[in-house]
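K.L.:
Numbering (mature numbering (1 follows the signal peptide of the UniProt record, and there is no 0)), first residue to last: -26 to -1, 1 to 121.
Virtual Cβ for every residue (Gly too), placed ideally from N, Cα, C.
#1: Which class does residue 30 belong to by DSSP, given the choice of helix, strand or coil?
#2: If we ignore side chains and look at the alpha-carbon of each, how far apart do residue 124 and residue 75 end up?
#3: In whole angstroms, give me the CA-to-CA distance for residue 10 and residue 16.
#4: Ends of the beta strand (DSSP E) at residue 20?
#5: With DSSP collapsed to three states, give me the class of residue 50.
#6: Looking only at C-alpha atoms, which of 38, 115, 48, 101 sits nearest to residue 85?
#7: Please determine if the segment 61 to 78 and the segment 89 to 97 are in contact, where contact requires at least 3 C-beta pairs separated by less than 8 Å.
#8: Express the C-alpha separation of residue 104 and residue 80 in angstroms, rounding to a whole number.
#9: How would you call residue 59, buried or exposed, if buried means at least 16 neighbouring beta carbons within 10 angstroms?
#10: Give me the Cβ distance between residue 39 and residue 66, rounded to the nearest whole Å; I'm assuming they're in contact under 8 Å.
#11: Is it true that the CB of residue 110 sits closer than 8 Å to the CB of residue 53?
#12: May I ask you to report which of helix, strand or coil DSSP gives residue 113?
#13: Taking the CB atoms as reference points, tell me whether residue 55 and residue 92 lie closer together than 8 Å.
#14: Helix, strand or coil, according to DSSP, for residue 106 in the structure here?
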């Protein structure tokens, strides 16, 4: 009986130790994060502020609009780019000249500010911005012109 009790106590101690180590490691992961761009304001962020209306679920989850790796070669289809192809955020794909608050971005070097909300491994960021002469009444398409 004494051996079983000792084994049980040892097992419990090991379980507690593993739990503590796991918790400590979870809080010290590398810092790449999950979030959204708040400057210049993204479409999803403007929805969360109420500056864009009828946005659906993204109003409370601007950080959840996440696309697959490899865009534009892999990822959401043309016309589904703003929602990252997620049906939960389909309202973001609605497109007309008056549908969304416009945010001016100057040509050349720009600074983007992120609100980071949760640990999330990220390999990098690329920014895709509509051109000055784009058609705001047409669906967003992935026409990429790298310098």
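P.N.:
Short version:
#1: Working through the chain shown from its first residue, we reach residue 30 at position 56. Residue 30 falls in the helix class under three-state DSSP.
#2: Limits of the chain in this structure are -26 at one end and 121 at the other, which puts residue 124 out of reach.
#3: The residue given as residue 10 occupies position 36 in the chain shown. The residue given as residue 16 occupies position 42 in the chain shown. Cα to Cα, the separation comes out at about 7 Å.
#4: Against the chain shown, residue 20 aligns to sequence position 46. That residue, residue 20, is in no beta strand (DSSP E); its alpha helix (DSSP H) goes 17 to 22.
#5: Within the chain shown, numbered from 1, the residue matching residue 50 stands at position 76. Coil at residue 50, not helix or strand.
#6: Here residue 85 is taken as the residue at index 111 of the chain shown, counted from 1. Residue 85 has its Cα closest to that of 101, out of 38, 115, 48, 101.
#7: no
#8: To locate residue 80, count along the chain shown from 1; it is residue 106. To locate residue 104, count along the chain shown from 1; it is residue 130. Going by the C-alpha atoms only, they are around 12 Å apart.
#9: On the chain shown, position 85 is the one that residue 59 refers to. With 16 or more Cβ atoms within 10 Å of its Cβ, residue 59 is classed as buried.
#10: In the chain shown, the residue the question calls residue 39 occupies position 65. In the chain shown, the residue the question calls residue 66 occupies position 92. Confirmed, Cβ separation roughly 7 Å.
#11: As a position in the chain shown, residue 53 is number 79, starting the count at 1. As a position in the chain shown, residue 110 is number 136, starting the count at 1. The answer is no: Cβ separation not under 8 Å.
#12: For the purposes of this step, residue 113 is identified with residue 139 of the chain shown, where counting begins at 1. Correct three-state label for residue 113: coil.
#13: Counted from its first residue, the chain shown places residue 55 at position 81. Counted from its first residue, the chain shown places residue 92 at position 118. In this structure, residue 92 does not lie closer than 8 Å to residue 55 by Cβ.
#14: In the chain shown, the residue the question calls residue 106 occupies position 132. Correct three-state label for residue 106: coil.
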